[in-house]
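Undergrad: Numbering (the numbering used here), first residue to last: 278 to 812.
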Amino acid sequence: MGMYVDPGNESFLRAISSDIYIDKTEMLSILNKSIGKEKCYFAVSRARRFGKSMAAGMMDAYYSIGCDSKELFAKLKIANDPDFVTHLNRYHVLHFDMATFLNEAREGENPIDLMNEMILKDFRKTYPSMVSENIRTVPEAVSEVWQSDGKRFVIIIDEWDCVIRDAKNDRKLIADYLKYLRGFFKTEESKKFLALGYITGILPIKKFDGESAMNNFTEYTMISPRNLAPYFGFTDEEMKPYLDQSGMSPEDIQKWYDGYIMETLRKDGTYSYVHMYNPNSIVDAITFHKIDSYWKNTGAFRYLNDYIGRNEDGLKDAVIRMLAGEEYPVDVETFQNDLTSFTGKDDVLTALIHMGYLGYDVRTGKAFIPNEEVREVFNSAIKVGDWKDISDALRNSDAVLEATWQKDGDKVAQMIAKSHQDYTSILEYHDENSLALAIMMTYYTARKHYVIVRELPSGKGFADIVFLPKRNSDKPAMIVELKWDQDADTAIRQIHSRNYVGKLAEYGEEILLVGINYDKSEKEYHCKIEAIQLS
278 MGMYVDPGNE SFLRAISSDI YIDKTEMLSI LNKSIGKEKC YFAVSRARRF
328 GKSMAAGMMD AYYSIGCDSK ELFAKLKIAN DPDFVTHLNR YHVLHFDMAT
378 FLNEAREGEN PIDLMNEMIL KDFRKTYPSM VSENIRTVPE AVSEVWQSDG
428 KRFVIIIDEW DCVIRDAKND RKLIADYLKY LRGFFKTEES KKFLALGYIT
478 GILPIKKFDG ESAMNNFTEY TMISPRNLAP YFGFTDEEMK PYLDQSGMSP
528 EDIQKWYDGY IMETLRKDGT YSYVHMYNPN SIVDAITFHK IDSYWKNTGA
578 FRYLNDYIGR NEDGLKDAVI RMLAGEEYPV DVETFQNDLT SFTGKDDVLT
628 ALIHMGYLGY DVRTGKAFIP NEEVREVFNS AIKVGDWKDI SDALRNSDAV
678 LEATWQKDGD KVAQMIAKSH QDYTSILEYH DENSLALAIM MTYYTARKHY
728 VIVRELPSGK GFADIVFLPK RNSDKPAMIV ELKWDQDADT AIRQIHSRNY
778 VGKLAEYGEE ILLVGINYDK SEKEYHCKIE AIQLS
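#1: Measure the C-alpha to C-alpha separation of N504 and I793 and round it to an integer number of angstroms.
#2: Starting from H369, follow its DSSP beta bridges and name the residues at the other end.
#3: Report the three-state DSSP secondary structure of C344 (helix, strand or coil).
#4: Take K456 and list the residues in its own chain whose beta-carbon comes closer than 6 Å to its own, dropping the five residues that flank it on each side.
#5: For a quick check, are the C-beta atoms of T403 and W437 less than 8 Å apart?
#6: Compare the C-beta of A376 with all C-beta atoms of chain B and state if any pair is closer than 8 Å.
#7: Can you tell me whether E410 is buried or exposed, with buried defined as 16 or more other CB within 10 angstroms of its CB?
#8: Rounded to a whole number of angstroms, what is the C-alpha to C-alpha distance between F327 and M304?
#9: Of the choices A676, C804, I630, L397, whose alpha-carbon is the least far from that of I756?
#10: Contact check, I729 vs G602 under 8 Å by CB: the rounded distance?
#11: The ligand COA heavy atoms versus the CB of Y634: any closer than 7 Å?
#12: Identify the continuous alpha helix (DSSP H) that holds L471 and give its terminal residues.
#13: Specify whether the region 343 to 355 and the region 489 to 500 touch according to this definition: at least 3 beta carbon pairs, one from each stretch, less than 8 Å apart.
#14: Which value, in whole angstroms, describes the spacing of the CA atoms of D447 and N387?
#15: Could you please give the first and the last residue of the uninterrupted alpha helix (DSSP H) stretch that includes I793?
#16: Going by the CB atoms, is the gap between V431 and Y368 shorter than 8 Å?
#17: For M278, count the other beta carbons within 10 Å of its own beta carbon; 16 or more makes it buried, fewer makes it exposed. Which is it?
#18: Quick one: measure Cβ to Cβ for G372 and N309, integer angstroms, because I've assumed they're closer than 8 Å.
#19: If you drop the 5 nearest sequence neighbours on each side, which residues of the same chain put their C-beta closer than 8 Å to that of T564?
#20: So L629 and L581 are in contact, right, with Cβ under 8 Å, and what is the actual spacing, rounded?
#21: For T495, which residues in the same chain have their Cβ closer than 8 Å to its Cβ, ignoring the five residues on either side in sequence?
#22: For G281, I'd like the list of residues in its chain whose CB is within less than 7 Å of its CB, leaving aside the five on either flank, ordered along the chain.
#23: How many angstroms separate the CA atom of R442 from the CA atom of I479?
#24: Roughly how many angstroms separate the alpha carbons of K468 and A644, rounded to a whole number?
#25: One question on the structure: do D669 and D699 come within less than 8 Å of each other, judged by their Cβ atoms?
#26: Answer yes or no: do K622 and D590 have a C-beta to C-beta separation smaller than 8 Å?
#27: Just the Cα atoms here: how many angstroms apart are T641 and E610?
#28: Identify which residue in G385, I434, W423, F462 has its Cα closest to the Cα of A444.
#29: Between which two residues does the beta strand (DSSP E) containing A320 stretch?
#30: A677 to I742, Cα distance in whole Å?
#31: Note down the Cα distance separating L790 from L616, rounded to an integer number of angstroms.
#32: Please name the residue, chosen from P746, E801, Y727, P606, that lies closest to M692 on a Cα-to-Cα basis.
#33: Can you give me the start and stop residues for the alpha helix (DSSP H) that H726 sits inside?
#34: Within 10 angstroms of its Cβ, does P606 collect 16 or more other Cβ (buried), or is it exposed?
#35: Check W533 in the structure and name its three-state DSSP category.
#36: Please classify H697: is it buried, with 16 or more other beta-carbons within 10 angstroms of its beta-carbon, or exposed?
Here it is in C-alpha cells:
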C-alpha cells in the first residue's frame, strides 16, 4: 500500500464515519459495467465542493488491492449489486491529485516533473522488484507492474484540469501535460494495462482546433451529467432524514442551496430532471445549524470576480438580468474548455455554469442564478470588482426599501431615478419590461425579507411585481404596478380595479400598493404608495 499506488481505504472510512453521510455507492455499479471495455474512460467535471474527492476515495476503497474493504461496504447499497464481489479490491489503483503537485512545485520547477518524480518514488517503494531505476515515466511504471503480475489498473486523477485553469497562460506546459496524460489513456500499451480511467475536474476536457485532447473519454459535466447525475449532489429525499433530525426548514434549505437542474439518463433510456444541492453547503448548514453562504471562501471565488468584470459585449447586461431573477439564453457549444479562449459573453457564462456559479436548464438553453447562496457570492464579487455604479445601486437598495415601508413616495421616486442613472450604461430602457428589470434591481436587497414574484396571477390579471413576506417576517406584503408614460395614480387604480389585493389576503394585516410611472420625455419617476388594512 502506497501514497499514490494501491492506496488504502482510510479516506472512505472517514467519509462513512461522518455525522452526515449519504450513500452514493451505486455509482460503482455504473463504473463496473465499463471496466475493461472501450467505454472505460470517465471524465467527470463538477463545481467545487460537489463531492469529487469523496467519490474518488470511495473508488480507492472499493477497487484497490491495497486494502480489504468488504466490511466497509457490507451495509451500503453497492453490496446488493450482483457484481459487488467481482470487482471488490481486485485492481491496482493509481490515484493522485494534480493540484498537489502544481501547488508544491517551487518557482521555476515543472509540476509535471515533480508529479512524475514523486509517483515513481512511490512505485519503487511499493513494488521494488517490479519497477527498476531505468523506468523514466509513471505510465512506464504502470505497464511494468501490469506485465509483472497481470493485474490491471484503475487510474484516478483528481483536479486533472488544474494545470489548464491555474497555469492558463503557459501553453507549453498545458500541451506537455496533455501529452503526458496520453501515456495513461491513449497508447496501445494503455489499452492493455487499463481497467478504468476516471479523471475529475471543474472544466471539461480542453479542445484543440475544435477537437478534445483526449477524445476517448466520455464526459459528465454540470451541463450534461448523463447517468452520473444522481451522484453529483444531494437530493431532497436524501437530505430529509438529516433535516428532520436537525429541525431545519426544508423551504429555507431549498431557497438557499437548490437550483441545479440535472438532466438524468435513467436505466430505461429516458431522461428526467433532478434538482441537486451543493453537498458541502448542506453539510455545513446542518452541522452549524445556520443558513449561510458557505461558498464565498472557496478558491473559485476569484474566478467569478475576474470573469464577471470582463468587458465582453453584453456580459454585464446578462449578469444584471439574472441577478434580477431572469433566465438568460446561453450558447454553451462555443466554449473551448479553458479560461483564456473566451470569444464572447457566452463563453464566460458557460465557464460560470461549469464552476457552479450559474444553473443551467438544458431544456430551455438558459442560465440563471441558482440560489441565494450563490447570489450572495455574486453580491460580494460585485462589491469588490469593477462594478462601481452597480455596487452603489445595490448599497442604495436598503434605503429604497425603508422609504417604501415609510410610504414616502417622493423619496422612493428620487432613489429609483438615481438607480436608473447607475444602470443606464448597462440596460436600455425601452418599455415596461425593461423598467421592471430596473425596479427589481432597485429593490434587490428586499430578497432578505421577501419572495419576489414577477407577473403574479392575481384577481383579473397579472400584478407586475409582488413582494411576498418570508415565513415569520413582520414586513408588509407589497404590490408594485409599473406604468410607462402614464402616471402613478393610474397604476394604483389598476391594482384596485383588478383586485390584485385579494390574492395576498393571507400575508398579513397590511398590504402596500406601490404605483410607479416613468415619464420617458421628462426622464422622471413618480411614485405613489397606499396602505390597505385588511383587518
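Cβ atoms here follow ideal geometry from the backbone N, Cα and C, with glycine treated the same way. A quick note: this is a predicted structure, and the numbers were derived from the prediction, not measured.
TA: In brief:
#1: Between N504 and I793, the alpha-carbon positions lie close to 49 Å from each other.
#2: As DSSP reads the structure, H369 sits in a beta bridge with F430.
#3: C344: coil per DSSP, three-state reduction.
#4: Exclusion of the five residues before and after K456 leaves no residue of its chain whose Cβ lies closer than 6 Å to its Cβ.
#5: Between T403 and W437, the gap from beta carbon to beta carbon reaches 8 Å or more.
#6: Within the model displayed, chain B is absent; a lone protein chain is all it includes.
#7: With fewer than 16 Cβ atoms within 10 Å of its Cβ, E410 is classed as exposed.
#8: Rounded to whole angstroms, F327 to M304 spans 15 Å at the Cα level.
#9: Measuring from the Cα of I756, the nearest candidate turns out to be C804.
#10: Correct: roughly 7 Å between the Cβ atoms.
#11: The ligand content of the structure shown is nil, which means the ligand COA is not present either.
#12: Bounds of any alpha helix (DSSP H) do not take in L471; it lies within the beta strand (DSSP E) bounded by 471 to 478.
#13: Verdict: no, contact absent.
#14: A straight-line Cα-Cα distance of about 11 Å links D447 and N387.
#15: Careful: I793 lies outside any alpha helix (DSSP H), inside the beta strand (DSSP E) at 787 to 796.
#16: Taking 8 Å as the cut-off, the Cβ atoms of Y368 and V431 count as close.
#17: Exposed: under 16 other Cβ atoms inside 10 Å.
#18: Per the sequence shown, the amino acid found at residue 372 is His instead of Gly. Actually they do not touch by this definition, with Cβ atoms about 17 Å apart.
#19: Excluding sequence neighbours, T564 sits near D296, I297.
#20: Correct: roughly 7 Å between the Cβ atoms.
#21: Excluding sequence neighbours, T495 sits near K316, Y318, F319, A320, R503.
#22: For the sequence presented, residue 281 should be read as Tyr rather than Gly. The answer, listed in chain order, is L371, H372, F373, I396, D399.
#23: Distance between the alpha carbons of R442 and I479 is about 9 Å.
#24: If I take the Cα positions, the gap works out to 39 Å.
#25: Contact flag set, yes.
#26: Yes; because the gap between Cβ atoms is below 8 Å, this pair is in contact.
#27: Straight-line measurement puts the Cα of E610 at about 14 Å from the Cα of T641.
#28: Checking every option, the nearest Cα to that of A444 belongs to G385.
#29: A320 -> beta strand (DSSP E) spans 318 to 322.
#30: Sequence inspection shows Val at residue 677; the Ala mentioned does not correspond to that position. Taken atom to atom, the span from the alpha-carbon of V677 to that of I742 is near 15 Å.
#31: So the two alpha carbons sit approximately 47 Å from each other.
#32: Here the closest residue by C-alpha is E801.
#33: No alpha helix (DSSP H) contains H726, which DSSP labels as neither H nor E.
#34: Result: exposed.
#35: Note: W533 maps to helix in three-state DSSP.
#36: Buried.
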